[in-house]
Every structure is written in C-alpha cells, then in structure tokens.
Amino acid sequence: FEMLGNFSFGDYFKEDTISWAWEFITGVLGLPRDRLWVTVHPTDDDARRLWESKIGMPRDRVISLEENFWAMGDTGPCGPCTEIFYDHGPSVAGGPPGSADQDGDRYIEFWNLVFPQFDRQPDGALAPLPQPGVDTGMGLERISAIMQGVHSNYEIDLFRNLLAAVGDIAGIRGADAQLANASVRVIADHIRSTAFLIADGVMPGNEDRSYVLRRIIRRALRHGHMLQIREPFFHTLVAPLAREMGDAYPLLRERADDVSAALLREEKRFAETLSQGMELLDRTIADLSGKTIPGNVVFQLYDTFGFPTDLTADVARERGLAVDMPGFEAAMEAQRDRGRAAARFSA
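Residue numbers for the sequence shown follow my numbering, so the first one is 15 and each next one is one higher.
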C-alpha cells in the first residue's frame, strides 16, 4: 500500500497536528463529521481534551485504547498516538474500535497521528525527549476507498485496471467476478509491490530484502497456478501497472522493460519447481488422514524440488492444515549428519 504522511521534528505538536488533520479531512476532503471516530491512549489527556474541546468530537466517539502507543523498539523514541476511523455505515458488519466486534469492516482506521515525546530507557522509564515530534501515516488506498464510496481497497480506481488485466489472462470475465476472486486480488496486489521494489533496485535473491521480493513473486506465481495459468504471465502486468501509476512514479515507466525482464527470468526459474512441487503437495494433501503435512514431505519438497518451506506453509494455511516443522528440521539435521559423515569418510 501507499503511505501518505506529514512530520515535525521539534516544531508543531499535538494541537496543530489534530487541528490540521481535522481541517483536511472535513474541510478539504469533505468527510461527514458524524462518520468519524478517534482513539487515544488512556494516558494522553492532551489528545482527548483537544478532540473533545477544540474539535468538538462527542465524548463517546473518543475511545481510549491501550494499544495506542508507538515505539521503535524496546528502547528509544516512543509516544502515544491517536487514530482516525471512518464509519462505513450499518450495512457493513463490525463495531467501533475497542468493541467486541471491532475486527469487522464497518469502522476503518485510515490515519494515525503519532506523537514521539518520550525516550524509553533500558529500565523501561520514559524520559521526555528534548524536542517532541510528529509522525503521521495515512493509507492512500483506504482514503481513496472512502472518497470513492466503495468499501474494499480493491474496488478503487488504482486497482480496477490491474484486476481486469489479471482477469483477462485467467479467463475471468466481468469486474464483479474478478473482484471476488482472491487469487486475482493477490496477483494484482503483488505486481505493485514487486514492480516498485525492482524499479528501486532490489533484485530477487536468497538473502535479506532480495529474498522477501522472491517470496512475494513466488506467492503471486502460485496464485497464477491456482488460476490454471501455466505460461509466464506475471511480467506482462508491468505494462498496465506503468500505465496506471507511471505519471505519479516516472521511474516505474522508465524502468518498465527492466522490471518486466527481471520478473520473466524469475518466472522461468521457478516454473518447473512450482509445477512439480504443487503436484506432490496436492497429492499428499489428498491422501492425508489428519490435518498436518508430514515433515518428511516438506523436506522432500524442499530438497528434491527446491520448493520453499514458507510456500508449503502458505498452502497448508489456506487449506486449514498445519505443517510438521519439527519433523522437517529433523530431516534437515539428518541430512547434515549424512553430509558430515561422508566428509569424514572421504578424508
């Protein structure tokens, strides 16, 4: 997703941040006031006072939550935050933040105003920072969905053409059918993240961020396999993505051919692994008597076909199964023992 934000380092603080946020969402964007809710940390009396007294937010729509506290880690800058929610209305299931059914989709958080004002010490003490700051984050897709009067991020204009492009490849016709298909949504989402990573200079690999990229690509390819797509396809989505977002991100348009070529190489590299691995995995799952994929099967997929364990875990999770990771680790250790024994024998 894309993150919008504004920041301050020792300049403006809570009063200006909250006032300007409210001015932007109600005055500029025109969101109806009666659809907006906020959360604050229980100890942040300043934020609650500002929302209730300065902004005029009804007290019952200013909710205290312990989780409204941001930190970089166990020590260092940290502080309370206040989140702004939009109520999609009673036609959508779910309750307000802090309620028993808060995990529903009716109330959606779209802007988090973070106030780093403390320096957490090793003993847990909160020392005031010499200059408090502001760090806010708004989800572009979420606010776009609100502004465009739709509920799902995938219904916004930024995704519409990508979903159609994936649907055309998979033979799924009609916007509603494309939107309803989870694999179509995953592929449309993943082409955005992978294309931008490659355009920024990250290439698929086996370490660190390169491996994260490779995992995302392979997850998209597996969803293509689930849609019965058997030829390289993922790289062809770079062109519609560049048409959609190239004006805002010229680098994506400039590097579109390089991005497409990198994805095609990765597709070809993984094609046989995916086909053979999924065949064995599907056969194993069909024959399972329990709810756990045996560790020796996970090991065989990894050792014989190069099928990543995280991909096996993804498939298992989607089908309501567990993975015997201790059994996999035992098989890996047994292989290492055999390798060490062979090395000693050769010596």
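Yeah, the Cβ is synthetic: ideal placement off N, Cα and C, and Gly gets one too. Because the structure is a prediction, the values reported are computed rather than measured.
From the DSSP output, in three-state form, read off Val-329 for me. Val-329 falls in the helix class under three-state DSSP.
* Given that a residue counts as buried once 16 or more other Cβ atoms are within 10 Å of its Cβ, and exposed if not, what is Lys-282? -> An exposed status is given to Lys-282, since fewer than 16 other beta-carbon atoms sit within 10 Å of its beta-carbon.
- Task: Mind the definition here: the region 300-313 touches the region 247-267 only if three or more C-beta pairs lie below 8 angstroms; say whether that holds.
- Result: No: fewer than three Cβ pairs fall under 8 angstroms.
- Query: Expressed to the nearest angstrom, what Euclidean distance is found between the alpha-carbon atoms of Asp-149 and Ala-61?
  - Reply: Rounded to the nearest angstrom, the two C-alpha atoms are 15 angstroms apart.
DSSP beta-bridge partners for Tyr-100? Its beta-bridge partners are Leu-50, Ile-122.
Quiz item: Mind pulling the alpha helix (DSSP H) runs of 4 or more residues that sit fully within the region 134-162?
Solution: Segments of the alpha helix (DSSP H) lying fully in the region 134-162: 154-161.
- Within 10 angstroms of its Cβ, does Ala-262 collect 16 or more other Cβ (buried), or is it exposed? By the beta-carbon neighbour count (other beta carbons within 10 angstroms, threshold 16), Ala-262 is exposed.
Leu-143 versus Ala-213, Glu-81, Cys-92, Met-71, residue with shortest Cα-Cα distance
The alpha carbon of Leu-143 has as its nearest neighbour, out of Ala-213, Glu-81, Cys-92, Met-71, the alpha carbon of Cys-92.
Inter-residue Cα distance where the pair is Ala-178 and Lys-28: Looking at the two C-alpha atoms, the distance is approximately 43 angstroms.
| query | For Ala-336, which of helix, strand or coil comes out of DSSP? | reply | It is a strand residue.
- Query: Helix, strand or coil: which one does DSSP assign to Pro-94?
  - Reply: Reduced to three states, the DSSP call for Pro-94 is strand.
Determine whether the beta carbon atoms of Ile-69 and Trp-34 lie at a separation below 8 angstroms.
Trp-34 sits away from Ile-69, with the two beta carbons spaced by 8 angstroms or more.
- Item | Expected contact under 8 angstroms - CB spacing of Gly-238 and Ile-201 to nearest Å | Indeed they touch by this definition, with Cβ atoms about 6 angstroms apart.
- Output the distance between the C-alpha atoms of Leu-227 and Ile-205, rounded to the nearest integer angstrom. Straight through space, the alpha carbons of Ile-205 and Leu-227 are spaced by roughly 11 angstroms.
Handout entry: Ile-212 (DSSP reduced to helix, strand or coil)
Key = Here DSSP, grouped into helix, strand and coil, assigns Ile-212 to helix.
First through last residue of the alpha helix (DSSP H) which encompasses Phe-284 | Counting along the chain, Phe-284 sits inside the alpha helix (DSSP H) bounded by residues 270-301.
Taking just the CA atoms, how far does Asn-167 sit from Phe-173? Rounded to whole angstroms, the separation of the alpha carbons of Asn-167 and Phe-173 is 8 angstroms.
Taking the continuous beta strand (DSSP E) assigned at Ser-78, which residues delimit it? First-last of the beta strand (DSSP E) with Ser-78: 76-78.
Closest by C-alpha distance to Val-11, when choosing among Asn-195, Leu-79, Phe-38 = No answer is possible for residue 11: the residues shown for the chain start at 15 and end at 361.
Next item on the list: Check Met-17 in the structure and name its three-state DSSP category.
Entry: Here Met-17 sits in strand by DSSP.
- How long is the line joining the alpha carbons of Ala-256 and Glu-16, rounded to whole angstroms? Using only the alpha carbons, I get a separation of about 16 angstroms.
Practice prompt. Tell me where the beta strand (DSSP E) around Phe-319 begins and ends.
Written response: It is not in any beta strand (DSSP E) - Phe-319 instead sits in the alpha helix (DSSP H) that spans 309-319.
Q.
Residues in the same chain with beta-carbon distance under 7 angstroms from Glu-258, minus the five sequence neighbours each way, listed in chain order, please.
A. Around Glu-258: Leu-172, Asn-175, Leu-176.
To which residues of the same chain is Ala-107 closer than 7 angstroms at the C-beta, ignoring the five residues directly before and after it?
-> Answer for Ala-107: Gly-118, Asp-119, Arg-120, listed in chain order.
Quiz item: Looking at C-alpha atoms only, which residue of Asp-59, Pro-130, Arg-233 is the closest neighbour of Ala-85?
Solution: Pro-130 is the residue among Asp-59, Pro-130, Arg-233 whose C-alpha sits nearest the C-alpha of Ala-85.
**Request:** Give me the Cβ distance between Val-164 and Ala-184, rounded to the nearest whole Å; I'm assuming they're in contact under 8 angstroms.
**Result:** About 22 angstroms separates the beta carbon of Val-164 from that of Ala-184, a gap too long to meet the 8 angstroms contact definition.
- Where Thr-306 sits in the DSSP three-state scheme: The DSSP-derived three-state label of Thr-306 is strand.
Jot down the residue ranges of each uninterrupted alpha helix (DSSP H) in the region 169-200, minimum 4 residues, whole runs only, in chain order. Qualifying alpha helix (DSSP H) stretches, in chain order: 171-184, 189-194.
Local Cβ density within 10 Å of Arg-73, reported as buried at 16 or more and exposed below that
Within 10 angstroms of the beta-carbon of Arg-73 lie fewer than 16 other beta-carbons, which makes it exposed.
Note to self: In the DSSP assignment, the beta strand (DSSP E) including Trp-65 goes from what residue to what residue?
What the structure shows: Careful: Trp-65 lies outside any beta strand (DSSP E) and carries neither H nor E.
**Prompt:** With DSSP run on the structure shown, which of helix, strand or coil describes Phe-129?
**Reply:** In the structure shown, Phe-129 falls within a coil segment according to DSSP collapsed to helix, strand and coil.
If you run the structure through DSSP and keep just helix, strand and coil, what is Phe-342? Phe-342 carries a helical assignment under DSSP once its states are collapsed to helix, strand and coil.
- Query: If you measure from the beta carbon of Ala-348 to each beta carbon in chain B, is any gap under 8 angstroms?
  - Reply: Within the model displayed, chain B is absent; a lone protein chain is all it includes.
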